[in-house]
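These notes are about the structure you will find just below.
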Amino acid sequence: MYLIQYFYEVTVSLKIPSYGLAIIFFTIAVKLVLFPLTLKQMRSMRAMQVLQPKIKALQERYKGQPEKAQREIMNLYKEAGANPFSGCLPLLVQMPVLFALFSALQAFFNPVYLEKSKLHLPPGVDLTHAGFLWISNLGKPDHYVLPILTVLVTFLQQYITSLTTSGKIDQTQRSMLIVMPLFIGWMAYTFPAGLALYWVVFTLVSTVEMLVIKRTVKTEKEKEAKV
Numbered sequence: 023m024y025l026i027q028y029f030y031e032v033t034v035s036l037k038i039p040s041y042g043l044a045i046i047f048f049t050i051a052v053k054l055v056l057f058p059l060t061l062k063q064m065r066s067m068r069a070m071q072v073l074q075p076k077i078k079a080l081q082e083r084y085k086g087q088p089e090k091a092q093r094e095i096m097n098l099y100k101e102a103g104a105n106p107f108s109g110c111l112p113l114l115v116q117m118p119v120l121f122a123l124f125s126a127l128q129a130f131f132n133p134v135y136l137e138k139s140k141l142h143l144p145p146g147v148d149l150t151h152a153g154f155l156w157i158s159n160l161g162k163p164d165h166y167v168l169p170i171l172t173v174l175v176t177f178l179q180q181y182i183t184s185l186t187t188s189g190k191i192d193q194t195q196r197s198m199l200i201v202m203p204l205f206i207g208w209m210a211y212t213f214p215a216g217l218a219l220y221w222v223v224f225t226l227v228s229t230v231e232m233l234v235i236k237r238t239v240k241t242e243k244e245k246e247a248k249v
């Protein structure tokens, strides 16, 4: 709540007071904090992609010895500096942020929740700026525009991620391309609009970030190949 209020004060100093803009600034700040993890994730995923033929060869060689195959694969990961679980790190770190933001928005815009939770609003809260663009109140759900935007940006991010990491989309990924955006869209339909706004901005920035990192990693590989 104090972080949101801090960024709101920033918008006030810019003479465009808005809790919507405060949430956007907050989202960008979270992305900056998570950037090292995202970079590590992308590098690890690229390394995993390169290792796939070797992993299949080890699995075939030790077909009757699954434990030995697993040890050899883990050694391969270690040598290549790849981590099969690195893709979960940004999501795991982001989950507490989502829960905290949900509670913060409820406390900001729902007096009943504020009283039950026994939380205290930061000084200087001005709920006359609780609206943003077409959204009348960021603490209440937006049943139209934001859910659609959430579905679209989630689909776009998953599609680009699939092509970036594996170069193709298999059957499992096709299913997730449909199921996950619809699930996130349903959440955006029922949860506070401020949370949906956070998700839309976070996902858009993540998509751009992924494309930039992909180009950076590719340039690094090209330089290593020349050396």
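Numbering (the numbering used here), first residue to last: 23 to 249. Each residue gets a CB set at the ideal place from its N, CA and C atoms; glycine is no exception.
#1: Please report how far the alpha carbon of Val-167 lies from the alpha carbon of Pro-58, in whole angstroms.
#2: Tell me whether Ala-122 is buried or exposed, calling it buried when 16 or more other Cβ atoms sit within 10 Å of its Cβ.
#3: Taking Cβ to Cβ, would you say Lys-76 is nearer than 7 Å to Leu-54?
#4: Just grab the DSSP bridge partners of Ile-157 for me.
#5: How is Lys-140 classed by DSSP in three states: helix, strand or coil?
#6: Just verifying my parser: in three-state terms, what is the DSSP assignment at Gln-87?
#7: Give me, in chain order, the residues of the same chain whose beta-carbon lies closer than 8 Å to that of Ile-50; leave out the 5 immediate sequence neighbours on both sides.
#8: How big is the Cα-Cα spacing for Met-96 and Glu-82?
#9: On the premise that Ala-129 lies in contact with Tyr-135, defined as a C-beta separation below 8 Å, what is that separation, rounded to the nearest angstrom?
#10: So, Pro-203 versus Thr-176, is the Cβ gap smaller than 7 Å?
Working from what's here:
#1: 32 Å
#2: exposed
#3: no
#4: Phe-154
#5: coil
#6: coil
#7: Val-223, Val-227
#8: 15 Å
#9: 6 Å
#10: yes
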